[in-house]
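Encoded as structure tokens, the structure appears first; notes follow it.
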Amino acid sequence: VLKTLDSQGSVANSNDLTFTLENGQTVTFTEGETQALLKGVLDSLASREMITYEIHTTFDHALLPEGSQIAAKGSHEALVWAALPMKGQGEPMGIPELKKVVGDETTKVGQGKAFKNKWITKEGSGFVKAVESIQDTTRAELEEVAKTGTHSSGEKLLAELRKRKLIVQRKHIHYSIAKGPEFALEVKKLETDLTTDMLNSGAWKNMSYKKYNFNAAGAPPEGGALHPLLKVREEFRSIFFDMGFTEMPTNKFVESAFWNFDAMFVPQQHPAREMQDTFYLKGELGFNVAITPISDMCVPPSSEPQVSQPPPQEYFERVKKVHEVGGYGSIGYRAPFSEEESKKLLLRTHTTAVSADMLYRIANQEGGFKPVKMFSIDRVFRNETPDATHLAEFHQVEGVIADYDITLGHLIAILEVFMKKAGLGNNLRFKPAYNPYTEPSAEVFSYHEGLGKWIEVGNSGMFRTEFVQVAGIPEGVRVLGFGLSLERPFLLRYAMNDIRQLVGHKSDINFIRNAPAVRMDRA
Ligand code: PHE
Numbered sequence: 003v004l005k006t007l008d009s010q011g012s013v014a015n016s017n018d019l020t021f022t023l024e025n026g027q028t029v030t031f032t033e034g035e036t037q038a039l040l041k042g043v044l045d046s047l048a049s050r051e052m053i054t055y056e057i058h059t060t061f062d063h064a065l066l067p068e069g070s071q072i073a074a075k076g077s078h079e080a081l082v083w084a085a086l087p088m089k090g091q092g093e094p095m096g097i098p099e100l101k102k103v104v105g106d107e108t109t110k111v112g113q114g115k116a117f118k119n120k121w122i123t124k125e126g127s128g129f130v131k132a133v134e135s136i137q138d139t140t141r142a143e144l145e146e147v148a149k150t151g152t153h154s155s156g157e158k159l160l161a162e163l164r165k166r167k168l169i170v171q172r173k174h175i176h177y178s179i180a181k182g183p184e185f186a187l188e189v190k191k192l193e194t195d196l197t198t199d200m201l202n203s204g205a206w207k208n209m210s211y212k213k214y215n216f217n218a219a220g221a222p223p224e225g226g227a228l229h230p231l232l233k234v235r236e237e238f239r240s241i242f243f244d245m246g247f248t249e250m251p252t253n254k255f256v257e258s259a260f261w262n263f264d265a266m267f268v269p270q271q272h273p274a275r276e277m278q279d280t281f282y283l284k285g286e287l288g289f290n291v292a293i294t295p296i297s298d299m300c301v302p303p304s305s306e307p308q309v310s311q312p313p314p315q316e317y318f319e320r321v322k323k324v325h326e327v328g329g330y331g332s333i334g335y336r337a338p339f340s341e342e343e344s345k346k347l348l349l350r351t352h353t354t355a356v357s358a359d360m361l362y363r364i365a366n367q368e369g370g371f372k373p374v375k376m377f378s379i380d381r382v383f384r385n386e387t388p389d390a391t392h393l394a395e396f397h398q399v400e401g402v403i404a405d406y407d408i409t410l411g412h413l414i415a416i417l418e419v420f421m422k423k424a425g426l427g428n429n430l431r432f433k434p435a436y437n438p439y440t441e442p443s444a445e446v447f448s449y450h451e452g453l454g455k456w457i458e459v460g461n462s463g464m465f466r467t468e469f470v471q472v473a474g475i476p477e478g479v480r481v482l483g484f485g486l487s488l489e490r491p492f493l494l495r496y497a498m499n500d501i502r503q504l505v506g507h508k509s510d511i512n513f514i515r516n517a518p519a520v521r522m523d524r525a
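Just so it is clear: in the sequence shown, position 221 is 223 by the working numbering, and no numbers are missing.
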């Protein structure tokens, strides 16, 4: 291209270019792949401003096989006419005979047309010529198209010939090429980076630089992505909202042992409180210790350190009394209650700590208690050795319902509706269990079709009278609750078998980035 421009100054039509290769072979770049190759060369030279070029599109027409045949031998109607004898000068020809002479196709198409043109006429049961000579216009038209690529009578005729499938329109591209401001016979290497060396040595001044390509696709942006667990959480949230639940504020991970255990009537000597099960915070004890909130991934951390509020004094005293000596129908644990133990700060082991706090607030809110349905989905922490099905931190899906005269039947029904909406099986089983704060308590099992077995999906129960009434909830109101995990259904949903792929060093960042949104099978 550069040599041709050098000798000719410019190129009006790239299709006229013939290049001689080193082996003496000559090539043109007029169509298809070879033309694409030429475009690549032109783009590359144009990006260096060595040339400028323009794309030109033209159209012409070519004959299709039937069109070529007509141009060579004549139209069907002309062939039919030619085969027949002149009126009164021979035996009229019938259709079967005509077919033998000019063929089936020509007879079928040509006979009708020739008749319509009044070139032929019927005589007896056959046909004869009606005129001495004819003008085979179709053939003449096609001959003109074959020669010129178009027709002098214009688009209307061309359209008709296209419709008759005798010709096709073809699109042609060619380029006109001119010298650019940086025209040269050699293609210089262009720098794409400015290096420290180039700057230090001053070499940058004599170098040519590649132009920035604003049309390039670019590298995918390293943006943030919603963790797939949070996508499942969003689905679960919307199911709860559908069911008329409101969301509890759970965006603090540090709790006092009071809310996490004492208010839940977990005895102070209970093994779950031991260091091997619970993460305690080092440092000063006490309800008034400043806590830097470890915020939820969705909520930007506030700059103000938060202070753990002490529980209301009279509530604290009532809880303490029930632990030590009982009340509200309970005989208590009959063991000393340590305030020091209550003040220990820990990473909450369940979101039921928040539910306890919420129930106390609702019982003591302005205007008094009103029935509620509340949920939360947030992180909890347990001192566990991670394995395929356990993590030291996971999400708890918690529900609390407080209303007059509700029963275990309501608990079962609500769980069944929720699980069905979440696509986690219509088949639930409840197994009696023990929680210090609920009676009766029930573990929840769901039949997993894929695994072919019952898997535990959660824990539930009716909150104990002493728990409910110590908080100030009126008599006659029953409170039921449940806790499920978010990770288990997640594993089922994304067909994963190791929970450690979700968080921590075993998780694949590309999975996190590219995981699709989920949509539970809403019932
Ligand atoms: N807190 C229980 C757990 O962590 C779940 C639960 C919540 C049970 C509410 C009963 C009522 O397993």
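The beta carbon of each residue, even a glycine, is placed where N, CA and C say it ideally should be.
query, result
"Pro442 (DSSP reduced to helix, strand or coil)", "strand"
"Proximity to Trp121 [Cα-Cα], best of Ser127, Lys110, Val111, Glu134", "Glu134"
"Opening and closing residue of the beta strand (DSSP E) in which Ile122 lies", "122–125"
"Sheet register partners of Asn461 (DSSP bridge)", "Glu445, Gly485"
"Sufficient close CB pairs (3 or more, under 8 Å) joining the segment 268–281 to the segment 359–374", "no"
"DSSP three-state assignment for His229, whether helix, strand or coil", "coil"
"Cβ-Cβ distance between Ser448 and Ser344 below 8 Å", "no"
"Nearest-angstrom beta carbon gap, Leu417 and Val446 [assumed within contact, 8 Å]", "6 Å"
"Three-way DSSP call (helix, strand, coil) for Val234 in this model", "helix"
"Neighbourhood of Thr30 by C-beta, 6 Å cutoff - its chain only, sequence neighbours within 5 removed", "Thr20"
"Residues of its chain near Ala444, where Cβ-Cβ distance is below 7 Å and the 5 sequence neighbours each way are ignored", "Phe432, Lys433, Pro434, Ala435, Ser462, Gly463"
"Touching by the beta-carbon criterion (3+ pairs, under 8 Å), the segment 30–46 and the segment 168–180", "yes"
"Length of the line joining the Cα atoms of Thr467 and Glu458", "27 Å"
"Boundaries (first-last residue) of the beta strand (DSSP E) holding Tyr436", "430–437"
"Completely contained alpha helix (DSSP H) runs for the segment 321–380, where each covers 4 or more residues", "341–345, 354–365"
"Check your reading: residues with Cβ closer than 6 Å to the ligand PHE heavy atoms", "His352, Thr354, Glu400, Asn437, Thr440, Asn461, Ser462, Gly463, Gly483, Phe484, Gly485"
"Between the CA atoms of Thr252 and Pro295 - distance to the nearest angstrom", "Because Pro295 sits at a pLDDT of 43, beneath the cut-off of 50, its placement in the model cannot be relied upon, and the following sentence gives the value as read from the coordinates. Going by the C-alpha atoms only, they are around 11 Å apart."
"Identity of the residues DSSP links to Leu65 by a beta bridge", "Ile169"
"Tyr214 - DSSP class collapsed to helix/strand/coil", "coil"
"C-alpha gap between Gly411 and Thr248, whole angstroms", "21 Å"
"CA-to-CA distance, Pro518 to Ile511, given in whole angstroms", "14 Å"
"Lys233, buried or exposed, once every other Cβ within 10 Å from all chains shown has been counted against 16", "buried"
"Contacts around Ser487, its chain only, beta-carbon distance under 8 Å, and the 5 residues preceding and following it disregarded", "Phe396, His397, Gln398, Val399, Val459, Gly460"
"Contact check, Glu125 vs Lys89, beta carbons under 8 Å", "yes"
"DSSP bridge partner residues for Trp456 (one or two, in chain order)", "Tyr449"
"Lys268 (DSSP reduced to helix, strand or coil)", "Going by the sequence as given, residue 268 is Val instead of Lys. If DSSP states are grouped into helix, strand and coil, Val268 belongs with coil."
"As assigned by DSSP and simplified to three states, the class of Phe281", "coil"
"Cβ pair Leu228, Leu66 closer than 8 Å", "no"
"Contact with chain C by Met88, beta-carbon distance below 8 Å", "Among the protein chains of the structure shown there is no chain C, as only one such chain exists."
"Collapsed DSSP secondary structure at Tyr177 in the structure displayed", "strand"
"Outcome for Asn202 when other beta-carbon atoms lying within 10 angstroms are tallied against a minimum of 16", "exposed"
"Sequence-distant residues of the same chain with beta carbon closer than 7 Å to Asp138, five excluded per side", "Gly76, Ser77, Ala80"
"Ala116 versus Val82 - alpha carbon distance", "7 Å"
"Where Asp500 falls: helix, strand or coil (DSSP)", "coil"
"Residues that Thr54 bridges to, as DSSP identifies them", "Ala180"
"Enclosing beta strand (DSSP E) for Ala404 [first to last residue]", "395–406"
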